[in-house]
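I have placed the structure first, in the form of structure tokens, so that the comments after it can refer back to it.
Numbering (the working numbering), first residue to last: 1 to 341.
So, in structure tokens, the structure goes:
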């Protein structure tokens with residue numbers, strides 16, 4: 001189903017999403033509230049809306065794509081006002097903060113970090129100055145620290161991160177078993193399907209811990225290949241953003257690429273104890289309907305943006321040139337309106 005959705009979004013002109021992004025926000029915000037009230041809880045988080053016995057849906061996954069579409073349009077319309085506090089930073093913090101607050105109430109710290117990460121990157125790319133960028137990062141860091149120390153289980157995860165080989169039967173069970181899986185795979189792995197850890201030792205072996213199973217079955221070489229593929233995605237995605245000739249497409253490509261790559265970094269980093277553990281799926285690889293479908297839909301949008309890239313001799317857009325072109329267009333519109341008046 002994910003591939004079908006990707007083929008559909010790949011054929012839709014990405015600029016058409018601008019007119020529907022506000023409709024998407026009107027739909028997704030109530031869904032994020034509804035999931036808090038009627039959502040199915042699992043592993044301490046309330047993230048899923050269920051329909052019948054077999055169909056479930058995760059609104060926070062759809063929120064990533066809709067928010068990327070809306071922020072790209074919102075920032076493109078702001079023009080040079082992005083660099084001001086009153087019309088740039090303040091409404092941006094309110095807009096993103098509402099979504100982050102609802103997702104955080106689901107006890108979904110991983111998705112909160114991902115949304116904050118790609119939204120802030122888009123904001124900076126659109127022309128926000130470094131002071132605004134640092135303020136946004138500081139706000140996000142403060143919220144993270146407050147949440148980490150206010151919830152007992154998150155504090156325990158921080159303690160477990162510092163020493164993954166203590167409390168291996170409770171706090172660090174998943175992390176410890178993940179490290180065992182990665183270590184037992186060696187250079188070439190035990191062979192595809194030959195994992196021992198997924199047979200009852202490692203929790204969530206096909207979702208949050210899938211990278212550990214890849215390491216056990218395919219070894220360090222297999223893990224290296226997965227890392228290389230995400231690096232290639234980052235290279236192609238950001239290169240696409242630089243070559244796109246309109247600010248909306250550049251911001252959208254930047255946001256989607258940052259989202260997918262950051263999510264992969266968090267998943268692999270948590271599995272290898274490089275960062276404190278938080279559960280997020282590995283894009284395109286982890287089992288899960290909502291995550292796979294939405295991630296592939298986002299890739300379809302990227303592929304559609306690439307169809308409108310001009311010939312190679314057209315100079316690529318840097319962050320400065322994107323911002324300069326944006327401001328020039330906005331100033332041109334204002335001057336034309338003044339003449340009409």
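C-beta atoms are modelled at their ideal positions from N, C-alpha and C, and glycine is treated no differently.
Query: Per-residue DSSP class, three states only, for residue 278; Result: coil
Query: Beta-carbon contacts of residue 184 that lie in its chain and below 8 Å, excluding the five residues immediately before and after; Result: 190, 196, 197, 216
Query: Backbone secondary structure at residue 51 - three-state DSSP; Result: strand
Query: Residue ranges of each alpha helix (DSSP H) within the stretch 217-287, 4 or longer; Result: 247-271
Query: Residue 225 versus residue 115 - alpha carbon distance; Result: 26 Å
Query: Expected contact under 8 Å - CB spacing of residue 187 and residue 220 to nearest Å; Result: 5 Å
Query: Option nearest residue 256 by Cα separation, candidates 272, 218, 120, 7; Result: 120
Query: Strand pairing of residue 56, partner residues [DSSP]; Result: 50
Query: Rounded C-alpha distance that separates residue 231 from residue 239; Result: 12 Å
Query: Three or more C-beta pairs below 8 Å linking the stretch 129-139 and the stretch 291-299; Result: no
Query: Cβ contact check for the stretch 56-70 and the stretch 96-103: 3 or more pairs under 8 Å; Result: yes
Query: Extent of the continuous alpha helix (DSSP H) to which residue 9 belongs; Result: 2-11
Query: Residue 12 to residue 301 span [Cα, whole Å]; Result: 8 Å
Query: Simplified DSSP assignment, three categories, for residue 40; Result: strand
Query: For residue 132, the three-state DSSP class (helix, strand or coil); Result: helix
Query: Residue 218, buried or exposed, once every other Cβ within 10 Å from all chains shown has been counted against 16; Result: buried
Query: Beta-carbon contacts of residue 261 that lie in its chain and below 7 Å, excluding the five residues immediately before and after; Result: 230, 233, 234
Query: CB of residue 254 within 8 Å of CB of residue 309, strictly; Result: no
Query: Best match in 193, 277, 206, 118 for proximity to residue 63 [C-alpha to C-alpha]; Result: 118
Query: For residue 154, three-class secondary structure by DSSP; Result: helix
Query: Beta-carbon proximity list for residue 304, same chain, < 8 Å, skipping 5 on both sides; Result: 9, 10, 11, 12, 13, 14
Query: Cβ separation of residue 248 and residue 47, assumed to be a contact under 8 Å, to the nearest whole Å; Result: Actually they are not in contact, since the Cβ atoms of residue 248 and residue 47 sit about 30 Å apart, beyond 8 Å.
Query: The alpha helix (DSSP H) enclosing residue 304, as first and last residue numbers; Result: 289-306
Query: Same chain only: Cβ atoms within 7 Å of residue 168, ignoring 5 sequence neighbours per side; Result: 176
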